[in-house]
Each structure stands twice: as C-alpha cells, then as structure tokens.
Amino acid sequence: MKSTGKKKKRTVISDEPDNCTEEDVKEADILAIVRKHDGARGGLIAMLEGIQQKYGYLPENALRILSNATGRSLVDIYGVATFYRSFTLHPRGKHLVTACLGTACHVRAAPRIVEELEQQLGIKASETTPDRNFTLETVNCLGACALGPVVVIDGHYFSKVKTAGIKKLIEEARNGFPDEKMLEREFAFPVEASCPQCHHSLMDAGNIIEGYPSIRVDISAGEKSGWLRLVSLYGSRGFESEHELPVGESVAFFCPHCKARIAGTTLCTECEATMAGIRIGEGALLQICERRGCDGCRLELDAVKSQV
Amino acid sequence: MITLKINGLDVSVEKGTTILEAAEFIGFPIPTLCHMDGLTPYGACRLCVVEIGEGKKAKLVSSCTYPVEEGLKVRTSSKRVVRARRMVIELLLASCPQSKTIQDIASTYGVRTQRFKQEYDDCILCGRCVRMCEEQMMAKAIGFQNRGEKRSIGTPFDTKSDVCRLCGGCMYVCPVCELRCTYNQPEKAICGGCANLFAPCVEKDNFDDMMCYMNPCVACEIPKE
Ligand code: FES
Ligand code: FES
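In the order they appear, the protein sequences are chains X and B. Position one of the first sequence corresponds to residue 1 (our numbering), numbered consecutively onward. Position one of the second sequence corresponds to residue 1 (our numbering), numbered consecutively onward.
Listed below in structure tokens is the structure:
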C-alpha cells in the first residue's frame, strides 16, 4: 500500500503541467476519463483519481463537467472529494512535504518540526508556496510511529527528524534527491559475490552493468555453454549473457574458477526449478532460481542456519 | 406482522417498521432530533436510544433506524437508556447551547450540569436539511463536506448553488437555527426567561423554572441600563 501510494504521487508530480489553470480543463479529457470508468455506474473515486492524476488536483470546472457527464449531483462529488485526504481541490506544489502529527510523533515534538517547516517554507500547513514549489501537509500517523517524528518529502521517508535538519532536507528536496536514496528505498543494495566451493571472488570489475561491477559465472544449458553476468545489486534482475536465453529456460551455474557446479540447497519456491547458490559477503548464501524469467530468490544467513 | 415487546407490552406491527414507529404507535414517547417524518432515518443524534435484549446481551441502539424483530424486547426508558440519553443531551447542549429545541429537551430530562465546554456551533450535523433538500425538494443543493472535526454542511465550493431554489426548507427543519436563544439582546429575546427572572446564580430556586443553559450566565451578561 505504502509503496504504490508513493509511486502514484510521483507520477502525478511528473505529469503535472507546471502552470495548470482552471481554463486548461478540457471537457473532452474529462469525458474520456468518465468513459474509461464506465461513468454510468459507480467508479466515482476512480474518476476523481483520474482527474487528479491529469491535473495534479481537482479543478472546480472538472468536477462540474463530471457532474453533468455522470448525472451525479455536484454535492455528492464535492462531498467525496473533500472527504478523502488524497484528493485536493487546490493545486499542489512540485514537492509535497508531509509531516506526521500523529500521537507518537506528537509526543516527540512533531509540532515543533511542523513549525520549523512552516518557517523555512514561509507557509502554513496545507498551503502551497507562491512559487508553486512546495506544499506542506500534515497527517495523523503514517504507521511508522517507532521512527517518529516522521516527515515524508516526495515519497522519501525521513525518520527521527530534528528541527536542525529541516533546512538541509528542504534544500535536498529542491535539488532533487540523489539516486542512492531512491535505490535504498527499493531495497536494492550492491553485494560482493564469491563461489561457495573455492571462495574465489565472482566479481568482474571490468564489466559494469547498471553502474555496478557485475557478477560473472559460467552457465550451460543443453548443448550451449558460455558466460553470464548478473547485476551485483540485490533486488535487481538485470543480466547479460553470451547466448540468447529464452524466458522459461533453465540453465546450470558453474564457477569460472574451480569449474564446480554452484547449486543451491533447495528448489525454487516459485517454480520448483533448481536454484544456484552464490556466497554473498562473509556470511550469507543467496539462492536464485536458474530459470530465466523467474524471480524466485532466497537469502540465507549462516548465523541463522547454525543457530537452528 | 411482527410481534415484539415494548416496555413489557405486546405490540404487533408490519415488517419493516422501526422501533421508534412501533413505540409511537402504542404510545411510548421517545425523544428524537434528527428523525423527521417524511425523511429517511439517519441515526445521527442518538437521542432516540433504547435498550434491546436482556441480561448480558442487552445493548443500546438508535430506535429510529432499528427495524423491529420478532420477539424483540425493548425498553424505552430504562436506567441505562436515560443515562445515555442525558449524556447525549449534555453533548448536544455543549455544541449548540443557543438552540431552544435542545434546551427544552435538556430541561425535560432534568439535565442540570454541563461538564463540557460550550462551543457555540450553529450545527449539530443532524443532516435534516440535507435530507430535506434531497428528498422533499428534489434539489440536492447542500450536502456534507470534509470529515471529522471539519465536517460541515454547505453548497459545493461554498458558492451560490445553481440548483437551490431558495425554498427555505432547510432552515424550516433545522432544530438549531429555527429558535435561537438571543440571550444578551433582550429586545430580540424569544423566551425572555432569563430577563424576567433573577439571575440563576443568585436565586438558585428560580433555576427550576428557567432551564436556561447559557454559559456564561445570561442574566449576568444582559446589559443593564
Ligand atoms: S504517529 Fe507519526 S507515524 Fe504514527
Ligand atoms: S432520532 Fe434517532 S438518532 Fe436521531
């Protein structure tokens, strides 16, 4: 829920034409949205979402057109539009800053954080700066109470925020967040891979894929054999290969140094194909499904294993 | 026909009748505020609470929205009901102390204390006007907006509505704005109870006749020439 919500917001921001005004609302666009959701029956929220996606907010004209097109009264539409926090009747700024004022954050001085945000941005909560850069909103709990006070800027969560750090956060948001932050968010992180048999490193610093040194293994599938390079980013599925690998084909992984088969200990839980086992760092075994197109993978920590 | 027991008496009513209607039919009065004949039941004010069931399973329900059930046992003014109702009244009174309708209900139930801060709102969100506009006037000009603390009634975008015919039906059915205590402007006063009597804070005995709930004490607020 959280991650999809974030993504949606991001697309809204990038879609938004910078100075969208009431006049820009085209009847045809609204009608297209109505048709898409079969406006005659239900689907009001979906239609409002569509409009908000298009304009970044819900323009008054758009709601009036919607009311005419669907035969619903404007009161009902307005009621729904004001009921949900995710809809807004006023244009939002390019960056959305959301500060949590829930109980847990409140006792950890969230009101002071909000005050500081208001001061730095020169606006009050639920307002937008005149240059349409920032919108400040408050919410009542983001479900991350242990990390409070929580501030979310354009989908990036910041925990245990201090008043002193606010200025920097806003500066960072203005310049766009660096990419590593985004990677962290997707739970992808670079790994160091080695052969579980001979402990020789499998890293191939000479070949960079997606900005990271690749992991090189030998593979064989039926008659064919050759090399395969994987992105050394846990969570990423990118790879390069000597041969075309059709989706669904299973291959066997071998160490390029000791030539041993680097098989995993179990079968893939997703598709029951064999898995390859690669040592990650000092104490973990990463098993990945050997079938092209399957996302099955499993990370086992040695410490956990020996405990069991 | 469905037979149920209200305060120990057997009543037989059509299927689909509410407890409130059944009780009125046999003659037990239940106070209501958001309920109005001709409008769909809404169940917002909770003034019409009654107790149903027995023993541990007994519970409070709003009689205006609860359809009768076969063999249901209803108590319309048990101790628990009266306690709950007085609490509801106290809360309503705190939000709209100027409403004569609410003041009268309060005096009927002998509410004397007010433990909550008076808010001087002008709406208890009973939704009578909204239903009136939609169901009787077929206009749908006003409706609820926002939610929680900010919930209010109004026209979309708070501008003049295109569908409103200025019939005034909404004001006519409003239990809060029809009769307003005008306390410190005695010339406009509608009941004048406070102006005619001594201040309740001084003459405690008079309080019984007056049943005025304004805070600060209205009698003290009236400008004296
Ligand atoms: S109170 Fe802030 S996340 Fe729950
Ligand atoms: S009259 Fe039943 S809840 Fe208001």
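Using N, Cα and C, we set each Cβ at its ideal position, and we do this for glycine too.
For residue i, count neighbouring C-beta atoms within 10 Å of its own C-beta (all shown protein chains included) and say buried if the count is 16 or more, exposed if not.
i	result
Lys-5/B	exposed
Ala-29/B	A quick correction: the sequence has Pro, not Ala, at residue 29/B. By the neighbour-count rule (16 or more Cβ atoms within 10 Å), Pro-29/B is not buried but exposed.
His-35/B	buried
Met-275/X	buried
Cys-255/X	buried
Lys-181/X	Interpretation of Lys-181/X is limited by its pLDDT of 47, a score under 50 that renders its predicted location unreliable; no figure is taken from the coordinates.
Gln-119/X	exposed
Asp-10/B	exposed
Met-47/X	buried
Ile-26/B	exposed
Arg-128/B	buried
Ser-95/B	buried
Gly-206/X	exposed
Pro-41/B	buried
Pro-130/X	exposed
Lys-54/X	buried
Cys-100/X	buried
Pro-246/X	exposed
Arg-35/X	exposed
Arg-115/B	exposed
Glu-14/B	exposed
Tyr-57/X	buried
Gly-16/B	exposed
Ser-161/B	buried
Asp-204/X	buried
Does any C-beta atom of chain X lie closer than 8 Å to the C-beta of residue i?
i	result
Lys-140/B	yes
Asn-146/B	yes
Asp-116/B	Residue identity check: residue 116/B is Phe in the sequence provided, not Asp. Judged by the 8 Å Cβ criterion, Phe-116/B is not in contact with chain X.
Phe-157/B	yes
Gly-143/B	yes
Asn-7/B	no
Glu-14/B	no
Beta-carbon of residue i versus every beta-carbon of chain B: anything under 8 Å?
i	result
Glu-60/X	yes
Met-182/X	Low confidence applies here, because Met-182/X scores a pLDDT of 49, under 50, leaving its location unreliable and the question unanswered by this model.
Glu-116/X	no
Arg-298/X	no
Rounded C-beta distance between residue i and residue j? I'm assuming under 8 Å.
i	j	result
Gly-93/X	Phe-158/X	Gly-93/X to Phe-158/X, Cβ: 18 Å. No contact.
Pro-196/X	Gly-283/X	Contact doesn't hold; Cβ gap of about 12 Å is too wide.
Arg-291/X	Gly-248/X	7 Å
Cys-181/B	Gln-98/B	5 Å
Val-111/B	Arg-86/B	6 Å
Ile-209/X	Val-191/X	The Cβ separation is near 13 Å, so there is no contact.
Ile-215/X	Val-251/X	In fact, because the Cβ distance is near 14 Å, the residues do not count as touching under 8 Å.
Leu-96/X	Ile-77/X	Not quite, the Cβ-Cβ distance comes to about 23 Å (not below 8 Å), so this is no contact.
Lys-140/B	Val-161/X	Not a contact, Cβ separation roughly 45 Å.
Cys-294/X	Cys-271/X	5 Å
Cys-227/B	Asp-122/B	Because chain B in this structure spans residues 1 to 225, residue 227/B falls outside the shown range and cannot be described.
Cys-289/X	Ala-273/X	6 Å
Glu-116/X	Ile-166/X	5 Å
Leu-121/X	Ile-170/X	7 Å
Leu-125/B	Ile-89/B	No, Leu-125/B and Ile-89/B are not in contact; Cβ-Cβ is about 16 Å, not under 8 Å.
Arg-85/X	Val-139/X	7 Å
When Cβ atoms are compared, which residues of the segment 66–96 of chain X fall closer than 7 Å to chain B? Ser-73, Leu-74, Val-75, Asp-76, Tyr-78, Gly-79, Thr-82, Phe-83
Is the segment 14–25 of chain B close to the segment 64–81 of chain B, with three or more CB pairs under 8 Å? yes
Does the segment 131–146 of chain B come into contact with the segment 94–106 of chain B, if we say contact requires no fewer than three beta-carbon pairs (one atom in each stretch) closer than 8 Å? no
At least three beta-carbon pairs within less than 8 Å, the segment 165–174 of chain B to the segment 76–94 of chain X: no
Validate contact between the segment 144–151 of chain X and the segment 101–115 of chain X using beta carbons, cut 8 Å, 3 pairs: yes
Would the segment 141–153 of chain B count as touching the segment 70–82 of chain B if we require 3 or more Cβ pairs under 8 Å? no
Between the segment 65–72 of chain X and the segment 120–129 of chain X, do at least 3 Cβ pairs fall closer than 8 Å? no
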